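Residue numbers (the numbering used here): 1 to 224.
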């Protein structure tokens, strides 16, 4: 929530003078006369006095931001070529999200959770709003070299959108051939990062069996 943040900043300088006078709690300040506080500390003092007594400007809620984020947990401590493949998969996932609505990306945050503990974060503003996955990989790939340690997960978050791209269409609007190509590429990248079990399908074997484990099995999924 937002209130009188700028006005409150004027009260920061009063902390030390209050303490020198033995005013160490909000209760101490609230018990003082407004006339006395105004005479000694002026308008900032009156504001501090109001805050101590629970009188404040109305709260104004922040407008909720639009969060678009993709995350990939790496099976082993990710570094080098594996990180590059993971980044490509995150970019493809992000661009395929329906919530993007064909818009270009103006700014993103590339972040990671490190194996040794802690996190890493890079804010990237593109020189031009982008919707080309190859260009995004080139720009963001250089930032991965700045990782201070191997990563156990990688995250890509949109911080700012650009205008819709004239040549971009949502996944569900593509022709069948192009859609199948993109689906095969997504499966290939997922398996390159997470192994052959990254894309599986349920296959019925014996649906009438009394043993649940015999009714279906998981088998590698081939998008065709």
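Quick reminder that beta carbons are idealized off the backbone N, C-alpha and C, glycines included. Note that the coordinates shown come from a computational prediction; the quantities given were computed from them, not determined experimentally.
Quiz item: With distances taken from CA atoms, which of 31, 21, 35 and 51 is nearest residue 11?
Solution: What you label residue 11 is simply residue 11 of the chain shown in a count that begins at 1. It is 51.
Quiz item: Who pairs with residue 105 in a beta bridge, going by DSSP?
Solution: Taking the chain shown and counting its residues from 1, the one referred to as residue 105 is at position 105. Residue 105 pairs with 130 and 161.
Quiz item: Alpha carbon to alpha carbon, what distance is there between residue 159 and residue 219?
Solution: For the purposes of this step, residue 219 is taken as the residue at position 219 of the chain shown. For the purposes of this step, residue 159 is taken as the residue at position 159 of the chain shown. Those two C-alpha atoms are separated by around 38 Å.
Self-check item: Nearest-angstrom Cβ-Cβ length linking residue 49 and residue 60, presumed shorter than 8 Å
Solution: Looking up residue 49 in the chain shown gives position 49. Looking up residue 60 in the chain shown gives position 60. Going by Cβ atoms, the distance from residue 49 to residue 60 rounds to 23 Å, so no, they are not a contact pair.
Quiz item: Taking Cβ to Cβ, would you say residue 93 is nearer than 8 Å to residue 70?
Solution: Indexing the chain shown from 1 puts residue 93 at position 93. Indexing the chain shown from 1 puts residue 70 at position 70. Cβ distance < 8 Å, so residue 93 and residue 70 count as in contact.
Quiz item: According to the Cβ coordinates, are residue 31 and residue 68 closer than 8 Å?
Solution: On the chain shown, position 31 is the one that residue 31 refers to. On the chain shown, position 68 is the one that residue 68 refers to. Going by C-beta atoms, residue 31 is not nearer than 8 Å to residue 68.
Quiz item: If you count every other CB in all the chains shown that lies within 10 Å of the CB of residue 83, and 16 or more means buried, which is it?
Solution: Numbered from its first residue, the chain shown carries residue 83 at position 83. So residue 83 ends up on the buried side.
Quiz item: Measuring CA to CA, which of 41, 149 and 104 is closest to residue 127?
Solution: Counting from one through the chain shown, the residue named residue 127 turns up at place 127. Comparing Cα positions, the closest option is 104.
Practice problem: List the endpoints of the continuous alpha helix (DSSP H) containing residue 36. | Solution: Locating residue 36 in the chain shown gives position 36, counting from the first residue. Unbroken alpha helix (DSSP H) run through residue 36: 34-52.
Exercise. Answer yes or no: do residue 162 and residue 129 have a C-beta to C-beta separation smaller than 8 Å?
Key: Counting from 1 along the chain shown, the entry for residue 162 is found at position 162. Counting from 1 along the chain shown, the entry for residue 129 is found at position 129. Against a cut-off of 8 Å, the Cβ pair of residue 129 and residue 162 comes out as a contact.
Quiz item: Going straight from the alpha carbon of residue 106 to that of residue 54, what length do you get?
Solution: Counting from one through the chain shown, the residue named residue 106 turns up at place 106. Counting from one through the chain shown, the residue named residue 54 turns up at place 54. Going by the C-alpha atoms only, they are around 42 Å apart.
Self-check item: Neighbourhood of residue 109 by C-beta distance below 6 Å, restricted to the same chain and skipping five residues each side
Solution: Residue mapping note: residue 109 aligns to position 109 of the chain shown, counting from 1. Closer than 6 Å at Cβ, skipping near neighbours: 123, 157 and 159.
Quiz item: Beta carbon of residue 87, beta carbon of residue 120: below 8 Å?
Solution: Against the chain shown, residue 87 aligns to sequence position 87. Against the chain shown, residue 120 aligns to sequence position 120. In this structure, residue 120 does not lie closer than 8 Å to residue 87 by Cβ.
Self-check item: Beta-carbon gap between residue 199 and residue 216 smaller than 8 Å
Solution: As a position in the chain shown, residue 199 is number 199, starting the count at 1. As a position in the chain shown, residue 216 is number 216, starting the count at 1. No, they are not a contact pair.
Quiz item: Closest by CA to residue 131, which one among 201, 85, 95 and 125?
Solution: Numbered from 1 along the chain shown, position 131 holds the residue referred to as residue 131. Of 201, 85, 95 and 125, the residue nearest in Cα terms is 95.
Self-check item: Coarse secondary structure for residue 181, derived from DSSP in three states
Solution: As a working mapping, residue 181 is identified with position 181 in the chain shown. Note: residue 181 maps to helix in three-state DSSP.
Self-check item: Proximity below 8 Å, CB of residue 151 to CB of residue 115
Solution: By 1-based counting over the chain shown, the position of residue 151 is 151. By 1-based counting over the chain shown, the position of residue 115 is 115. Cβ distance < 8 Å, so residue 151 and residue 115 count as in contact.
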